[in-house]
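See below for the structure under consideration.
There are 2 protein chains.
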Amino acid sequence: MAPIGIVSECFSDFGNFVLQIVCVNSACTYTKILCLSKVLDFHHPHQLKDGLEGFSLDLPEHAETLEQILVDCRDTLKYGVSTGHPRFFNQLSSGLDVIGVAGEWLTSTANTNMFTYEVSPVFILMEEVLLKKMQSIVGWSEDEGDGIFCPGGTISNLYSILVARYRVCPEVKTKGMGALPPLALFTSEHSHYSVKKSAAVLGLGSESVMVVTCDERGKMIPAELESSILAAKSKGLLPFYVNATAGTTVYGAFDPLAAIADICHTHRLWMHVDAAWGGGLLMSDRHRRKLQGIERACSVTWNPHKMMCVPLQCSVILVKKPGLLQECNKLGAEYLFQTDKPYDVNYDTGDKSIQCGRHVDVFKLWLMWKAKGSDGFGSQVNKCLENAEYLYDQLKRNSDFQLVFKHKPEHSNVCFWYIPPSLRALQPGPDRDRRLHEVAPQIKGRMMEKGSVLIGYQPFGDKVNFFRCVFSNPATQPEDIDFLLNEIITLGADL
Amino acid sequence: MAPIGIVSECFSDFGNFVLQIVCVNSACTYTKILCLSKVLDFHHPHQLKDGLEGFSLDLPEHAETLEQILVDCRDTLKYGVSTGHPRFFNQLSSGLDVIGVAGEWLTSTANTNMFTYEVSPVFILMEEVLLKKMQSIVGWSEDEGDGIFCPGGTISNLYSILVARYRVCPEVKTKGMGALPPLALFTSEHSHYSVKKSAAVLGLGSESVMVVTCDERGKMIPAELESSILAAKSKGLLPFYVNATAGTTVYGAFDPLAAIADICHTHRLWMHVDAAWGGGLLMSDRHRRKLQGIERACSVTWNPHKMMCVPLQCSVILVKKPGLLQECNKLGAEYLFQTDKPYDVNYDTGDKSIQCGRHVDVFKLWLMWKAKGSDGFGSQVNKCLENAEYLYDQLKRNSDFQLVFKHKPEHSNVCFWYIPPSLRALQPGPDRDRRLHEVAPQIKGRMMEKGSVLIGYQPFGDKVNFFRCVFSNPATQPEDIDFLLNEIITLGADL
Ligand SMILES: Cc1ncc(COP(=O)(O)O)c(C=O)c1O
Ligand SMILES: Cc1ncc(COP(=O)(O)O)c(C=O)c1O
Numbered sequence: 199m200a201p202i203g204i205v206s207e208c209f210s211d212f213g214n215f216v217l218q219i220v221c222v223n224s225a226c227t228y229t230k231i232l233c234l235s236k237v238l239d240f241h242h243p244h245q246l247k248d249g250l251e252g253f254s255l256d257l258p259e260h261a262e263t264l265e266q267i268l269v270d271c272r273d274t275l276k277y278g279v280s281t282g283h284p285r286f287f288n289q290l291s292s293g294l295d296v297i298g299v300a301g302e303w304l305t306s307t308a309n310t311n312m313f314t315y316e317v318s319p320v321f322i323l324m325e326e327v328l329l330k331k332m333q334s335i336v337g338w339s340e341d342e343g344d345g346i347f348c349p350g351g352t353i354s355n356l357y358s359i360l361v362a363r364y365r366v367c368p369e370v371k372t373k374g375m376g377a378l379p380p381l382a383l384f385t386s387e388h389s390h391y392s393v394k395k396s397a398a399v400l401g402l403g404s405e406s407v408m409v410v411t412c413d414e415r416g417k418m419i420p421a422e423l424e425s426s427i428l429a430a431k432s433k434g435l436l437p438f439y440v441n442a443t444a445g446t447t448v449y450g451a452f453d454p455l456a457a458i459a460d461i462c463h464t465h466r467l468w469m470h471v472d473a474a475w476g477g478g479l480l481m482s483d484r485h486r487r488k489l490q491g492i493e494r495a496c497s498v499t500w501n502p503h504k505m506m507c508v509p510l511q512c513s514v515i516l517v518k519k520p521g522l523l524q525e526c527n528k529l530g531a532e533y534l535f536q537t538d539k540p541y542d543v544n545y546d547t548g549d550k551s552i553q554c555g556r557h558v559d560v561f562k563l564w565l566m567w568k569a570k571g572s573d574g575f576g577s578q579v580n581k582c583l584e585n586a587e588y589l590y591d592q593l594k595r596n597s598d599f600q601l602v603f604k605h606k607p608e609h610s611n612v613c614f615w616y617i618p619p620s621l622r623a624l625q626p627g628p629d630r631d632r633r634l635h636e637v638a639p640q641i642k643g644r645m646m647e648k649g650s651v652l653i654g655y656q657p658f659g660d661k662v663n664f665f666r667c668v669f670s671n672p673a674t675q676p677e678d679i680d681f682l683l684n685e686i687i688t689l690g691a692d693l
Numbered sequence: 199m200a201p202i203g204i205v206s207e208c209f210s211d212f213g214n215f216v217l218q219i220v221c222v223n224s225a226c227t228y229t230k231i232l233c234l235s236k237v238l239d240f241h242h243p244h245q246l247k248d249g250l251e252g253f254s255l256d257l258p259e260h261a262e263t264l265e266q267i268l269v270d271c272r273d274t275l276k277y278g279v280s281t282g283h284p285r286f287f288n289q290l291s292s293g294l295d296v297i298g299v300a301g302e303w304l305t306s307t308a309n310t311n312m313f314t315y316e317v318s319p320v321f322i323l324m325e326e327v328l329l330k331k332m333q334s335i336v337g338w339s340e341d342e343g344d345g346i347f348c349p350g351g352t353i354s355n356l357y358s359i360l361v362a363r364y365r366v367c368p369e370v371k372t373k374g375m376g377a378l379p380p381l382a383l384f385t386s387e388h389s390h391y392s393v394k395k396s397a398a399v400l401g402l403g404s405e406s407v408m409v410v411t412c413d414e415r416g417k418m419i420p421a422e423l424e425s426s427i428l429a430a431k432s433k434g435l436l437p438f439y440v441n442a443t444a445g446t447t448v449y450g451a452f453d454p455l456a457a458i459a460d461i462c463h464t465h466r467l468w469m470h471v472d473a474a475w476g477g478g479l480l481m482s483d484r485h486r487r488k489l490q491g492i493e494r495a496c497s498v499t500w501n502p503h504k505m506m507c508v509p510l511q512c513s514v515i516l517v518k519k520p521g522l523l524q525e526c527n528k529l530g531a532e533y534l535f536q537t538d539k540p541y542d543v544n545y546d547t548g549d550k551s552i553q554c555g556r557h558v559d560v561f562k563l564w565l566m567w568k569a570k571g572s573d574g575f576g577s578q579v580n581k582c583l584e585n586a587e588y589l590y591d592q593l594k595r596n597s598d599f600q601l602v603f604k605h606k607p608e609h610s611n612v613c614f615w616y617i618p619p620s621l622r623a624l625q626p627g628p629d630r631d632r633r634l635h636e637v638a639p640q641i642k643g644r645m646m647e648k649g650s651v652l653i654g655y656q657p658f659g660d661k662v663n664f665f666r667c668v669f670s671n672p673a674t675q676p677e678d679i680d681f682l683l684n685e686i687i688t689l690g691a692d693l
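Heads up: the protein sequence lines correspond to chains A and B, in order.
Note that the numbering used here has the first sequence beginning at 199, numbered continuously upward.
Note that the numbering used here has the second sequence beginning at 199, numbered continuously upward.
Here it is in C-alpha cells:
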C-alpha cells in the first residue's frame, strides 16, 4: 500500500482532473470548445481488448503505481462516450448536470445503504420528502401515496405488477402463482419491453401480456383496450392490470390516460402509468396537461434520470395506496429490522423494497431540486421540447428528410428518415423500403467512426429503420440540431 | 441559472471539500484525529424534519443560492453516519476506499448506461474482464462461466433462482408458473432472507422455500438437506434448487459446500452459492479453503461491496453455463439491440439483464483491482479476519462477555452477549433471558446517542438479543476493538 501522503495527493490530482471534465462537459458550461471535441472516439471491442497505447484492461496480481491508475482513468474517459455532450442524441438519458454530479460524489463519499434510518437518517428523510413532493405533483392527495426509489424504470415497472398482483390475491406472496387463476395484463404495442420482461420474471409469463393496438402516433386506442380485456375474459383469463405509457420510448407518445382510467374503473383493474420518460413533463406548466388523468393511476413509474437530467440511476415507483408496498414485500428480517430500536422504526423503510442493500439514489435529485427549484426543472423541460419542435420544423421544410408521422411532437422524440439522393426518385414500395432500411445503420456506422454526433435508429412494426432524435440535455442548442442534420446529409450523400 | 463561472467555482469548492472528507475518512488515512470524531451525530426523525440550524429538507419552488447548496451538503454529511469510520461495526459494508471512491466519481462523470457497447464500450469490456477473473477465482474453467453485475446481492440471488427455474422449464418464460408443477427450493435457517423474498417476487411463493436446519455454528446439516428434499418429493413438490451460504449474515458460517454439491448432484438440483458476504475470502490464500466446493456450484453470488470494501453498489451473479442468462432474459428490443450495428453485437450484453438501464458498477472494482492487485485484496481480507480473531480472544478472556458459540470465527463475524453486573449472579433460564434480551438494545440506544462507536444486535432462534461485530474495514485496528468493548462495559455498567 502506497504511503498516505502520495495517495491523498494523487487523489487530489484525480479529483481536480475529474472536476475539470465535469466543468467542461456540464450543462452549465456549454461552449464552442466542447463542440469541437468528439462525442466518442470509436474502437472495436478487439482493439480495446488488445490494449491501446498502454491502456490494458487486464487485472494485475500486484498493485500498479498510482501514476498508472491516473492514466487508466484518463483512458477510460477517452475511449468512452460523452453522454453529456450536447450532440449526444442517442439515449433518453443524456446531459451532465454539475449539481447532480456533485450529489453523486457526496453520495459515494457517504457510502451508505438505504435499508434503515439507523445508517441513513438523512437520506431516508430525503426520500420521504421527495416521494411526497412527486406524489403531490402527480396529483394525489395528502393522505394518499407511498413509493420507493429503485434501480431503474424496469424495476419500477416490475414493482407495479408485483404490487397489483398482491392486491388481487395477497396469498400469492406465500403460495405463489398457484393461488391465482391465469392472469392477463395489458399494455400498448408502443410500450416499453420492461412490462413483458417483468411478467416473465414474476412468473406470469410474457404471454400473459396482451398487446393493445395504437393509433398512428403510437397512442393506445381505448376501444382496443376494452375489446382486448373482453377477449381475455372470454378466454378464462383474469385481467388485473393495465400499463398506460406517458411518453413512449420511440415516438414519445402519451396514451389517453383519462379514457384508460375510465376503462380500468369499469373493469376494476389496476392502472399503472409508465411515465419513466414522460414524468419530467409534470414539472412544466406548459406541458403537464399531456399527462392529464395520471392522478387516477394506482401506481406511477417516473425516472428523474431521463427527462430531468439526474445522473444515473434515479427512478421511482409511486403507489397510491399507502402500506401496500410494505405488506407485499415485508419479511421482517430480525438482524436488520429490529423492533426494539431507540427511534421510530417506521422510518426503517427498507422492508418495502425487494432489495436488501439499496444504493442512495435520492441525494442527487434532492440537491438538484434545491439548486434549480421546481421551476428550474420546468424551464429545463421546456427547453428540451423547444429543441424537438425546432428539429421538427427543420425536417418539415427539408425534402431530404421524411417524418415518420406528421404530427408535431408531444414529447422530445422526433422520428424521421433521411432519403439519400439515390432513393429520391423511387416509388414507395418494397424495393425502396429494403434500401431505405439500410440507410440509417450505414450513416450511424460512419457517424460512430467520425465521432462528431450520435443518434439512434430502429425499425418499428412495418416501418423500416428510421432515426429517433431525443432531447433531454438542456445544453443542446439549435445549432447542434443544424449540425446533426448537416452531418447526416454529408455522411449519407453517396448512399 | 447562476452564471457559469460561479457554478464552476462553487463546484470546485465543493469538490475540494468532498476531497478533504474522503482523504480524512478513507481507509488509507486512519489517524487518531479521526478516532476522536464521532461515528454519528444522532437525531430523531422529527428533529431532522423540523430543521436543524438552517438545514431544511423541504424542496423549494425557486432555486436556492449555491452557498446554501454547499451548506446543505455539509449538513447532509454532518447528520449522516460515517460508515467509513474504523469504529463503525454495524453493517457488512463498511470502510471507505479512496480508489473506490475515485472510481465512483469517474463513473458518475461518465454517466452512462451498461445496456450496449455503443454507449459503454470501455465499461462493457471491463465487465467481461472482471467476470472472467472472478469465475476463474471461483474455480471454473475457461469455457465455463457467464454473469452480470447487478444492484445488490438480493437481486443476484433472485437471478440464480430465475435462471434455475428457466433451466427446469424454459417455457416458464412465456407461459408462467402454470407450465410447472409446484416447485421446492432449499436454504438453511441461517441463510439470507433474500431467498424467501425472491421466491415471493418470482411467483413461487415464500412457502416453496424449505428451511433446512443448521448445526450450532450456523452451518447447514447435509443430512437435513437430504431428508428435506425427500420430504418435499413425497409431498408432490418438484425440488429444483439449493442455496448454500458461504458466509452467513449473522454468524458468518460457511455451509459444507462439497457435501451439498454431492446431494445436488444425486438429486440433479441447481446448486447456488450465496457468497455475497463470504466471496471476498476467495481472494485470500489463507482463507479460500473455507469455500472449497464452490467450483461445483451452478451459480454464485458475490458482493465486492461487502468484504472487498468496494463502495456500494457492487454485486455480481455468476452462472456456470454460458448463454443461459441471455436465453432466460432476452427480449431483443429493437430500439436498443439492433442487429445491424457496425460492431460485434455480442458485446451488447444488456439483454442478459432483467433491467434495461443499468448503472456502471464495474469501474470502481476494476480500478481498485489495478491499484491493489489480487494480493492487495487478499491482505485486506486477512487483516479483517485477524481483527475478528483478536476480538474473539478478548471476549474469551473477559467474563463480562459471553460468546454465542465457542468456536473460533471462520469469517469476520463475532457474536456475543455483554452480561451486565446485575445479571451475573442469575441462573440461566427464562428470567435471565428476558432481562438479557433488553441489554443489547439499551446499550445500542446509548451508543447511538453518544455516537462514539456503532455495532449491531439481533435475536436468533431461541437466542435472545446479542451483539454481532463484523469487520470489513481494513482501517480498523486492535485499539478500536478494545475501545468497543470498553464502551459497551461503560454504557452497560448500570443495567
Ligand atoms: C449472505 C447474504 N446474502 C445476500 C445479501 C444481500 O446483499 P445486498 O444487501 O447487496 O442485497 C446479504 C446482505 O447482507 C447477505 O449477508
Ligand atoms: C417508457 C419507458 N419505460 C421504462 C423504461 C425503463 O427504464 P430504465 O432504463 O431505467 O430501466 C424506459 C427506458 O427507456 C422507457 O422508455
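Using N, Cα and C, we set each Cβ at its ideal position, and we do this for glycine too.
How is the alpha helix (DSSP H) around residue i delimited, first residue to last?
| i | result |
| --- | --- |
| P243 (chain A) | 243 to 248 |
| S392 (chain B) | 392 to 399 |
| T674 (chain A) | T674 (chain A) -> no alpha helix (DSSP H), and no H or E assigned at all. |
| P258 (chain A) | Looking at the DSSP string, P258 (chain A) is not in any alpha helix (DSSP H), and its letter there is neither H nor E. |
| D460 (chain A) | 455 to 465 |
| F321 (chain A) | 319 to 336 |
| S432 (chain A) | 420 to 432 |
Taking residue i as part of the beta strand (DSSP E), name the residues at either end of that continuous run.
| i | result |
| --- | --- |
| I346 (chain B) | 344 to 348 |
| V694 (chain B) | Any property of residue 694 (chain B) remains undetermined from this structure, which presents chain B solely from 199 to 693. |
| S386 (chain B) | 381 to 386 |
| A442 (chain B) | 436 to 443 |
| C667 (chain B) | 661 to 667 |
Which bits of chain B does residue i rub up against, with CB to CB less than 7 Å?
| i | result |
| --- | --- |
| G289 (chain A) | Residue identity check: residue 289 (chain A) is Gln in the sequence provided, not Gly. Near Q289 (chain A) (Cβ distances below 7 Å), the residues of chain B are N311, V317. |
| G324 (chain A) | The amino acid occupying residue 324 (chain A) in the given sequence is Met; Gly does not appear at that position. Here the neighbours are L255. |
Starting from residue i, find everything on chain A with Cβ-Cβ shorter than 8 Å and list it in chain order.
| i | result |
| --- | --- |
| K561 (chain B) | Residue 561 (chain B) is actually Phe in this sequence, not Lys. Result: T274. |
Which chain A residues sit within Cβ distance under 7 Å of residue i?
| i | result |
| --- | --- |
| I592 (chain B) | Note that residue 592 (chain B) is Gln in the sequence shown, not Ile. By Cβ distance, chain A contributes nothing, its closest Cβ being about 23 Å from Q592 (chain B), past 7 Å. |
| E302 (chain B) | S306 |
| V237 (chain B) | Neighbours of V237 (chain B) on chain A: none; closest Cβ ~10 Å, over 7 Å. |
Along chain B, which residues have their Cβ under 8 Å away from the Cβ of residue i?
| i | result |
| --- | --- |
| K433 (chain A) | Neighbours of K433 (chain A) on chain B: none; closest Cβ ~13 Å, over 8 Å. |
Run down chain A in chain order and give the residues with a C-beta less than 9 Å from the C-beta of residue i.
| i | result |
| --- | --- |
| S572 (chain B) | L257, P258, E259, H260 |
*Entirely within the stretch 512 to 585 of chain B and at least 4 residues each: give me those alpha helix (DSSP H) ranges in chain order.*
522 to 527
_Minimum length 3: unbroken beta strand (DSSP E) runs contained in the stretch 467 to 512 of chain B_ = 468 to 473, 497 to 500
_Whole beta strand (DSSP E) elements within the stretch 602 to 656 of chain A, 3-residue minimum_ = 612 to 616
*Between the stretch 642 to 659 of chain A and chain B, which residues of the former have CB atoms less than 9 Å from a CB of the latter, in chain order?*
K642, G643, R644, M646, E647, L652, G654, Y655, Q656, P657, F658
*asked:* Does the stretch 377 to 392 of chain A come into contact with the stretch 427 to 440 of chain A, if we say contact requires no fewer than three beta-carbon pairs (one atom in each stretch) closer than 8 Å?
replied: yes
*asked:* Please identify, using Cβ separations under 8 Å, the residues of the stretch 452 to 478 of chain A that lie next to chain B, in order along the chain.
replied: none
_With a threshold of 8 Å, are at least 3 pairs of Cβ atoms found where one atom belongs to the stretch 491 to 509 of chain B and the other to the stretch 423 to 431 of chain B?_
no
*Does the stretch 445 to 453 of chain A come close enough to the stretch 532 to 542 of chain A to have 3 or more Cβ pairs within less than 8 Å?*
no
*Of the residues that make up the stretch 515 to 538 of chain B, which ones have a beta carbon closer than 9 Å to any beta carbon in chain E?*
No chain E appears in this structure, whose protein chains are A and B.
_Residues of the stretch 397 to 428 of chain B whose Cβ lies closer than 8 Å to any Cβ of chain A, in chain order_ = A397, A398, V399, L400, G401, L402, G403, S404, E405, S406
*asked:* Threshold first: 4 residues or longer. Then list the alpha helix (DSSP H) segments lying entirely within the stretch 350 to 374 of chain B, N to C.
replied: 351 to 366, 370 to 373
*Give the residues from the stretch 379 to 392 of chain B that approach chain A closer than 9 Å (Cβ to any Cβ), ordered along the chain.*
P380, L381, H390, Y391, S392
*asked:* Can you confirm whether the stretch 283 to 295 of chain B touches the stretch 308 to 315 of chain B when touching is taken to mean that 3 or more C-beta pairs between the two stretches lie within less than 8 Å?
replied: no
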